[in-house]
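Scroll down for the structure; my scribbles are underneath it.
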Amino acid sequence: MADQWELLRGAGLSRGFTGTWVESGDAEAVAALLGADLASRQDCDLATAMAHYRPMAFTERIWTGPHADGWTHALTISGPPPVTTGLTEAGLRFLQIRTMDSYVYDLLYGDGVTTAWLTQRWYGEVVVEPGSMVEPYLREIDPPVMPEAVHSGSGTTEPEYHNRVCLEIYLLLTARMSGRFIDRAWLGEKRALYTVPVPPPT
Numbered sequence: 002m003a004d005q006w007e008l009l010r011g012a013g014l015s016r017g018f019t020g021t022w023v024e025s026g027d028a029e030a031v032a033a034l035l036g037a038d039l040a041s042r043q044d045c046d047l048a049t050a051m052a053h054y055r056p057m058a059f060t061e062r063i064w065t066g067p068h069a070d071g072w073t074h075a076l077t078i079s080g081p082p083p084v085t086t087g088l089t090e091a092g093l094r095f096l097q098i099r100t101m102d103s104y105v106y107d108l109l110y111g112d113g114v115t116t117a118w119l120t121q122r123w124y125g126e127v128v129v130e131p132g133s134m135v136e137p138y139l140r141e142i143d144p145p146v147m148p149e150a151v152h153s154g155s156g157t158t159e160p161e162y163h164n165r166v167c168l169e170i171y172l173l174l175t176a177r178m179s180g181r182f183i184d185r186a187w188l189g190e191k192r193a194l195y196t197v198p199v200p201p202p203t
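Heads up: the sequence shown runs through residues 2 to 203, numbered per the working numbering.
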């Protein structure tokens, strides 16, 4: 199995990305629920979409399309992570991974009713609420090898590669739930690039 993060890095996403896996086979409906302007649609491969890659931009764009049977994937090309409220209101299950400048955020997931976080602890450990939709899949993933804690003065610092290990667990989890890993064929597929309008101030 190819290293999913290394494939994403090789595609130019090393500064950060947000990936949202949604349990729905209707990619256009998912894009609409994420706030996309459907009239802005441009069908393209990832290399073309990456011409707009600006992780911290004010213009939000998502590259969205079929991921696996019954699943859609939305990759944030520029701007902030997409708002997932519409997915929950539609009763859809989803998982969202977010990274920025080598930092890996807790994984956000929704079971179609509520949302929660898969949180990180020391040494690449992640913790989930008992009975959650991700718990059975997380049990299938081998826990990371625990390195020796690094002591500095009177405190303990986080071991090297902690974020990298957490990201690997998150990517394995999304692959197991959705039934598909990110691979070279995934990177080469065409999907729809949309602009997500910024909501007006309230």
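For every residue, glycine included, the Cβ atom is placed at its ideal position computed from N, Cα and C.
Over the uninterrupted beta strand (DSSP E) stretch that includes Y171, give me the two end residues. As a first step, residue 171 must be located in the sequence shown, where it is residue number 170. Not the beta strand (DSSP E): Y171 falls in the alpha helix (DSSP H), residues H163 to S179.
Where L139 sits in the DSSP three-state scheme: The residue labelled residue 139 in the question sits at position 138 within the sequence shown. The answer is helix: DSSP assigns L139 an H, G or I state.
Skipping 5 residues on each side, what residues in its chain have a beta carbon closer than 6 Å to that of Q97? Your numbering for residue 97 matches position 96 in the sequence shown. So the list reads T21 and L109, once near-sequence residues are dropped.
Per the DSSP calculation, G17 is bridged to which residue(s)? For the purposes of this step, residue 17 is identified with residue 16 of the sequence shown, where counting begins at 1. DSSP lists M101 as partners of G17.
Among all the DSSP beta bridges, which residues are the ones paired with W68? Locating residue 68 in the sequence shown gives position 67, counting from the first residue. The question names Trp, but residue 68 is His in the sequence shown. Looking at the DSSP assignment, H68 forms no beta bridge with any residue, so it has no partner.
Could you give the distance in angstroms between the alpha-carbon of Q5 and the alpha-carbon of Y171? Position 4 of the sequence shown, counting from 1, holds the residue named residue 5. Position 170 of the sequence shown, counting from 1, holds the residue named residue 171. Cα to Cα, Q5 sits roughly 11 Å from Y171.
At least 3 beta-carbon pairs within less than 8 Å: the stretch 33-40 vs the stretch 78-93: yes
Residue environment, A3, which counts as buried when at least 16 other CB atoms sit within 10 Å: Translated into the one-based positions of the sequence shown, residue 3 becomes position 2. It is exposed - the Cβ of A3 has fewer than 16 other Cβ atoms within 10 Å.
Which same chain residues end up closer than 8 Å to R185 when comparing Cβ atoms and leaving out the 5 residues on each side of it in sequence? Taking the sequence shown and counting its residues from 1, one reaches residue 185 at position 184. Result list for R185: A3 and L8, in chain order.
Can you find the residues in the same chain that come closer than 7 Å, C-beta to C-beta, to T120, ignoring five residues on each side of it along the sequence? Within the sequence shown, the letter at position 119 stands for residue 120. So the list reads D107, V127 and V128, once near-sequence residues are dropped.
Out of curiosity, what's the CA-to-CA distance linking A32 and L174? Working through the sequence shown from its first residue, we reach residue 32 at position 31. Working through the sequence shown from its first residue, we reach residue 174 at position 173. In this structure, the straight-line span from the alpha carbon of A32 to that of L174 is close to 22 Å.
In this structure, how does DSSP classify R122 when only helix, strand and coil are distinguished? Position 121 of the sequence shown, counted from the start, is the residue given in the question as residue 122. Residue state, collapsed to three classes: coil.
Mind checking which residues open and close the alpha helix (DSSP H) that includes E193? For the purposes of this step, residue 193 is taken as residue 192 along the sequence shown, with counting starting at 1. The residue asked about is misnamed: residue 193 is Ala in this sequence, not Glu. Here A193 belongs to no alpha helix (DSSP H); instead the beta strand (DSSP E) covers K191 to V197.
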